[in-house]
Every structure is written in structure tokens, then in C-alpha cells.
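Trainee: Take this structure first; my questions come after.
2 protein chains.
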Amino acid sequence: MSEIPKDHPRYASLLTREKIVEGVEIGITSQQGLVAQGRGECFDYLTGEQTTASAFLAEKVSVAMLLLAERPVLSVNGNAAALVPDSLVKLSDVTGAPLEVNLFHRTEERVNRIIDHLKDNGASEVLGSKADARLELQHSRGIVDSEGIYNADVVLVPLEDGDRCQALVDMGKSVITIDLNPLSRTSRTATVTIVDNVVRAVDNMIDLSSELKGLDEAELRKIVNDYDNSRTLSDAVRQMIRKLEELSDT
Amino acid sequence: MSEIPKDHPRYASLLTREKIVEGVEIGITSQQGLVAQGRGECFDYLTGEQTTASAFLAEKVSVAMLLLAERPVLSVNGNAAALVPDSLVKLSDVTGAPLEVNLFHRTEERVNRIIDHLKDNGASEVLGSKADARLELQHSRGIVDSEGIYNADVVLVPLEDGDRCQALVDMGKSVITIDLNPLSRTSRTATVTIVDNVVRAVDNMIDLSSELKGLDEAELRKIVNDYDNSRTLSDAVRQMIRKLEELSDT
């Protein structure tokens, strides 16, 4: 870790940055992932660095979908693994959805390092190393496990690439994404878009899982059926506009 | 370089990302700099990825200030060195302002690598390795050269940290920054804020230098005196709001 002066006004943000840099150093996050993290920081800043009411609703709907699913899967990339490994393991436990490592800049070595990292954080089994099926995509980012993402009915893809999100939706899957940019192709393509920082979103979803487990199937279906994702997206953009107006007045 | 599929809709942006990743690989850009690059990408996207009229005016005023200055300096950090080394050398040539390497995450090794990189791109002399003066700042980021930034009257600091920008202004210097976030502390503190991508800004400034060199001192002073930086900042925020409104309508 580099030395960051404690009196620096952006100390907390710089420290989070160090966490993801550490992910690169231990070989689980790609350097391109650092740039993606920066994009996220910017959108998070414009969203007020808090979970909005509409993001919380999207998190609730997502948990209901995962609990209703027959073959749910939680996809994990290098950034998610660096930022929230323990929370992803917990979310997998409470929803019964297995974890699958799935990378944009894929190398077998990095897949195995992330699997080990998740196991160090309490996971018993992690998919992603079989690589015996392909989504309809050029490039190694199409590689998946047949018993995982390939045959899943509901997939949570935090911080996903737009092409891959589209490919999953085209296969008829319900796709939940966590993406701070409400205007990205991923956000516009997903079934449910959680416009929130992955650090806050996954923890909220763990809490919501305990709460929603008390509901029956009809109640869970009602939560899912009443949801309108386009409203989530327009709420998020309006929130950013309000934040810019507010900041420019000060 | 990793393999990016040419049919990917964000091919150009991903390629720029590779350029800065290459900067890390050759030891001139810090990994924290990659995250900062990502923040910039986001704000650039919200500015429409083009030089706005008010950014162009700020570039013109900046060139006039550099031409009028007695001891101008162009500060260079790891991101600027990775993205626009050749253009910074050209801007130094046309304005007569020497280059000085000045890093937030400073190591002597990285300073020397960047000096060599700038020399490979045509620079004859680059300051920054003497490190014989200090700004009033904790941490190694306060280290500068006495014959460079320390005694300069006008300093261009592309992609600068807020604290350091403040320290330079407190010393009575005119500070020009290039920062895509019009709301950052750096943007609000600088004498002139160029809200533009450093890749476009430096090239524009090279062209403007040739143009403004034909003017006399009184004409240059008029350009500087007529300028209002707070208007640049509010224009940039309004531009982002318009872009968000436009994107959310489609």
C-alpha cells in the first residue's frame, strides 16, 4: 500500500482505490478493471454515494428473483472479487445460488486465483474452471461452465460488459446487473439494473434475503411482477441531474 | 496488449484504456492513475467527448498566460506522460515553458523513467529530478525543483491533485489545470480550468500557440483579463446536465 496522508480530504476514496490496486497486486483484478473502477467512482459520486430508494427496490426484486429461480448463479469478476469476496460468499449461502468466476480479460491462472480467493473467504465450491460451454460471443469472454451460467435461469452479473449481458438476455435468461452507470448498454439490457455501488448492493441483498425468505412464492412473484426497470433507470438519471444542479449551486 | 474484439461497440475507448495500461507496464503510470483515468472517462462521456466552446476559450487563455509568463512550467505526471508525451514536448517547444515531472505517488525511479520517456519523445531537458525544494504539503508530493515549479509564475498542471493545486495557488502562482471534472477541488481552485480531455486539450493548445504568437503583449493581456473561470465551470456543469437529459430521452 502507498502512504496516503490521513489529512487528505479524499482519504476514504483513495483507500478504496488502494483495495482494488491490491486486487491487481495479488493477481485477481485486471488493470483494465482499475479503469472501470474509476468510471464507477465518478457515477457513484454523481449518485451521492448512497443507496437510493429505487436502487433498494431493485435489490429487493433481485433477491426475490434469485429465491424463485430454479438454477440461479452469481457471476464473479476480478473487481467484485477484490471488493466484496466475503459478501458474495454470504449472498451465495443465503440465496442458494452458486458462485461462478467469469472474466472479460480471461486467463486460466486468474480464474483459479479468484476461485482460491473466494474459498479463502469461506466459499465451499466455486464454478468457472470447467469452461465447457460458450455464449454466442467472439473472444474468450464467451467461455462459461455448462452446469453454471450456461444453464442458469437467473444470473446476477455485477459490473458486467454490455455484449455479454446482451448474449445472456438473448438466451432467455433473467439478468440482474449491478452497474453505477444507468446509461450503459448493460444497464439498458438487463432485466433488473441495480444502480448502486457493489459494496453497498451486495450487503443490502444479504439483509433482504433473510427478510424475503419468510414470504411464500406468490408474495415473491408479486414483488417481481410489480417491478418496472425503466423507472429505475430514469430515477437514477434524474438523481444525477439533481446532484449536478445541487453541486453547481454551492 | 490484450486482445479486444474489433466489433466491440466500445473498441476506441477500450484501446485508450490499453494505452494507459501500457504506461503502467513500462513503469511510468501508477495503478492509482488507472483509476483516475476511469473517472476522467466518465466525465468525458458526460461532456460528449468533444472540446466545448468554453473549454476552447480556456485553452486560448491558458496559452496567452504561458506566452506572457516570465517563468512558466508544464508539470507532467504519470498519466499525462503515458497519454500525450509527444504533444507535451511540442507544447513546451512552442511556448518556451520547460517540462517538470511531478508525481503524486512519487518514486525516484518513476521520475527518472518519465524523464527518459519524454526525452525519447523529443524533449531536450526535463526538470523534476533535482527535488531541491518543497511546497507546503505533507507527503512526497510536495517535492519540486527550485528552478522549476517552485519559482514559476505560471504552472500548467494537467490532471492535478486538489491539495497540490491549492498549495500552488497559495504561493501566488497562476495555475492552469486540465480536469474533466468541473466540480473537483482542483477545478474550483485553479486560476484557469480546462474542462477537456488532456488528449484533445494539449493538441488544441499547440495550434493556439502558433496563432497567438502573432499577437502583442497588450492583446494577450486583454484575452487573459476578459476571462471568467467561474463561467467555464458552470458551462461545463450545464453541458453535463444537458447530456444526461438527452441520453435519458433516447
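Going down the list, the sequences are from chains Z and C. The first sequence begins at 1 in my numbering and counts up one residue at a time. The second sequence begins at 1001 in my numbering and counts up one residue at a time. From the three backbone atoms N, C-alpha and C, an ideal C-beta is built for every residue, glycine too.
1) Which one of 1039/C, 1188/C, 1174/C has the shortest CA to CA distance from residue 1225/C?
2) Starting from residue 1021/C, find everything on chain Z with Cβ-Cβ shorter than 7 Å and list it in chain order.
3) Can you check which of these residues, 1232/C, 1246/C, 1149/C, is closest to residue 1193/C by C-alpha distance?
4) What does a CB cutoff of less than 6 Å around residue 68/Z pick up in its chain, not counting 5 residues either side in sequence?
5) Just checking my contact of residue 137/Z with residue 163/Z at CB under 8 Å: how many whole Å lie between their CB atoms?
6) Report yes or no: do the segment 119-130 of chain Z and the segment 84-104 of chain Z share at least 3 C-beta pairs separated by less than 8 Å?
7) When you compare the CB positions of residue 1135/C and residue 1036/C, do they come within less than 8 Å of one another, or not?
8) Taking C-beta pairs closer than 8 Å, name the residues in chain Z that residue 1117/C reaches, listed in chain order.
9) Are the beta-carbon atoms belonging to residue 88/Z and residue 195/Z less than 8 Å from one another?
10) If the criterion is Cβ atoms closer than 8 Å, does the pair residue 262/Z and residue 64/Z meet it?
11) Helix, strand or coil for residue 1174/C, going by three-state DSSP, please let me know.
12) Return helix, strand or coil for residue 1193/C, following the three-state DSSP convention.
13) Residues of chain Z with CB under 8 Å from residue 1007/C, in chain order?
14) Kindly confirm or deny that the segment 72-83 of chain Z and the segment 14-30 of chain Z touch, where touching means at least three C-beta pairs closer than 8 Å.
15) Can you pull out the residues from the segment 1235-1250 of chain C whose beta carbon lies closer than 8 Å to at least one beta carbon of chain Z?
16) So if I threshold CB-CB distances at 9 Å, which residues from the segment 1049-1066 of chain C count as touching chain Z?
17) If you drop the 5 nearest sequence neighbours on each side, which residues of the same chain put their C-beta closer than 8 Å to that of residue 110/Z?
18) Against residue 1036/C, what residues of chain Z qualify as contacts under a CB-to-CB distance less than 8 Å, listed in chain order?
19) Should residue 1017/C be flagged as near chain Z, meaning a C-beta pair shorter than 8 Å?
20) Just to confirm before moving on: does the CB-CB distance between residue 1149/C and residue 1073/C stay below 8 Å?
21) Between which two residues does the beta strand (DSSP E) containing residue 154/Z stretch?
22) At a Cβ threshold of 8 Å, is residue 1024/C touching chain Z?
23) Taking 6 Å as the limit between beta carbons, can you name the residues of its chain near residue 1176/C, skipping five residues before and five after?
24) For residue 134/Z, name the three-state secondary structure that DSSP assigns.
25) Is the shortest distance between the beta-carbon of residue 961/C and the beta-carbons of chain Z less than 8 Å?
26) Against chain C, does residue 183/Z count as a neighbour if the rule is that its beta carbon must be under 8 Å from one of theirs?
27) Could you pull out every residue in the same chain whose Cβ sits closer than 6 Å to the Cβ of residue 122/Z, ignoring the five residues on either side in sequence?
28) What are the boundary residues of the alpha helix (DSSP H) that includes residue 85/Z?
29) Tell me where the beta strand (DSSP E) around residue 1251/C begins and ends.
30) In its own chain, which residues sit with a C-beta less than 7 Å from the C-beta of residue 1208/C, not counting the 5 before and 5 after it?
31) Rounded to the nearest angstrom, what separates residue 1048/C and residue 1243/C at their Cα positions?
32) Mind checking residue 1179/C: buried by the 16 CB within 10 Å criterion, or exposed?
33) Which same chain residues end up closer than 6 Å to residue 237/Z when comparing Cβ atoms and leaving out the 5 residues on each side of it in sequence?
34) Do you know how far the Cα of residue 19/Z is from the Cα of residue 1145/C?
35) Distance check for residue 142/Z and residue 117/Z, CA to CA, integer angstroms please.
36) Can you tell me where the alpha helix (DSSP H) with residue 1183/C in it begins and where it stops?
Mentor: Let me lay it out:
1) For the purposes of this step, residue 1225/C is taken as the residue at position 225 of the second sequence. Taking only the C-alpha atoms, the option nearest residue 1225/C is 1174/C.
2) Position 21 of the second sequence, counted from the first residue, corresponds to residue 1021/C. 31, 32, listed in chain order.
3) What you label residue 1193/C is simply residue 193 of the second sequence in a count that begins at 1. Nearest of 1232/C, 1246/C, 1149/C to residue 1193/C, Cα basis: 1232/C.
4) Working through the first sequence from its first residue, we reach residue 68/Z at position 68. Excluding residues within five positions, the ones whose Cβ falls inside 6 Å are 220.
5) Residue mapping note: residue 137/Z aligns to position 137 of the first sequence, counting from 1. Residue mapping note: residue 163/Z aligns to position 163 of the first sequence, counting from 1. Between residue 163/Z and residue 137/Z the Cβ distance is about 6 Å, and since that is below 8 Å, they are a contact.
6) yes
7) Taking the first residue of the second sequence as position 1, residue 1135/C is located at position 135. Taking the first residue of the second sequence as position 1, residue 1036/C is located at position 36. No, the pair does not count as a contact, with Cβ atoms beyond the cut-off.
8) In the second sequence, residue 1117/C corresponds to position 117, counting from 1. Correct list: empty, because the minimum Cβ distance to chain Z is about 18 Å.
9) Against the first sequence, residue 88/Z aligns to sequence position 88. Against the first sequence, residue 195/Z aligns to sequence position 195. No, Cβ-Cβ distance for residue 88/Z and residue 195/Z is not below 8 Å.
10) Nothing can be reported for residue 262/Z: it is not among the residues displayed for chain Z, which extend from 1 to 250.
11) Counted from its first residue, the second sequence places residue 1174/C at position 174. Strand.
12) Walking along the second sequence from the start, residue 1193/C turns up at place 193. Reduced to three states, the DSSP call for residue 1193/C is strand.
13) Taking the first residue of the second sequence as position 1, residue 1007/C is located at position 7. The contacting residues are 138.
14) yes
15) 1237, 1238, 1240, 1241, 1244, 1245, 1247, 1248
16) none
17) Numbered from 1 along the first sequence, position 110 holds the residue referred to as residue 110/Z. Once the five neighbours on either side are set aside, the close Cβ partners of residue 110/Z are 27, 28, 30, 78, 103.
18) In the second sequence, counting from the first residue as 1, residue 1036/C sits at position 36. Within chain Z, the residues near residue 1036/C are 38.
19) By one-based count along the second sequence, residue 1017/C stands at place 17. It does; some Cβ of chain Z falls within 8 Å.
20) Here the question's residue 1149/C lines up with position 149 in the second sequence. Here the question's residue 1073/C lines up with position 73 in the second sequence. Contact flag set, yes.
21) Taking the first sequence and counting its residues from 1, the one referred to as residue 154/Z is at position 154. Where residue 154/Z is concerned, the enclosing beta strand (DSSP E) stretches over 154-158.
22) The residue given as residue 1024/C occupies position 24 in the second sequence. Chain Z contact via Cβ: present.
23) The residue labelled residue 1176/C in the question sits at position 176 within the second sequence. 1062, 1156, 1192, listed in sequence order.
24) To locate residue 134/Z, count along the first sequence from 1; it is residue 134. Of the three classes helix, strand and coil, the one that applies to residue 134/Z here is strand, per DSSP.
25) The structure shown does not extend to residue 961/C, since chain C spans only 1001 to 1250, so no value can be given for it.
26) Indexing the first sequence from 1 puts residue 183/Z at position 183. With 8 Å as the cut-off, residue 183/Z counts as an interface residue toward chain C.
27) Counting from one through the first sequence, the residue named residue 122/Z turns up at place 122. Hits under 6 Å: 89.
28) The residue given as residue 85/Z occupies position 85 in the first sequence. Taken as a continuous stretch (DSSP letters only), the alpha helix (DSSP H) holding residue 85/Z covers 85-95.
29) The structure shown has nothing for residue 1251/C, since chain C only spans 1001 to 1250.
30) Indexing the second sequence from 1 puts residue 1208/C at position 208. Hits under 7 Å: 1059, 1060, 1063.
31) The sequence position of residue 1048/C within the second sequence is 48, counting from 1. The sequence position of residue 1243/C within the second sequence is 243, counting from 1. Computed Cα separation, rounded: 7 Å.
32) Walking along the second sequence from the start, residue 1179/C turns up at place 179. Buried is the call here.
33) The residue given as residue 237/Z occupies position 237 in the first sequence. Excluding residues within five positions, the ones whose Cβ falls inside 6 Å are 182.
34) Counting from 1 along the second sequence, the entry for residue 1145/C is found at position 145. Counting from 1 along the first sequence, the entry for residue 19/Z is found at position 19. Rounded to whole angstroms, residue 1145/C to residue 19/Z spans 32 Å at the Cα level.
35) Locating residue 117/Z in the first sequence gives position 117, where the first residue counts as 1. Locating residue 142/Z in the first sequence gives position 142, where the first residue counts as 1. Taking the straight line joining both Cα atoms gives about 23 Å.
36) Walking along the second sequence from the start, residue 1183/C turns up at place 183. From DSSP, residue 1183/C is part of no alpha helix (DSSP H); its letter is neither H nor E.
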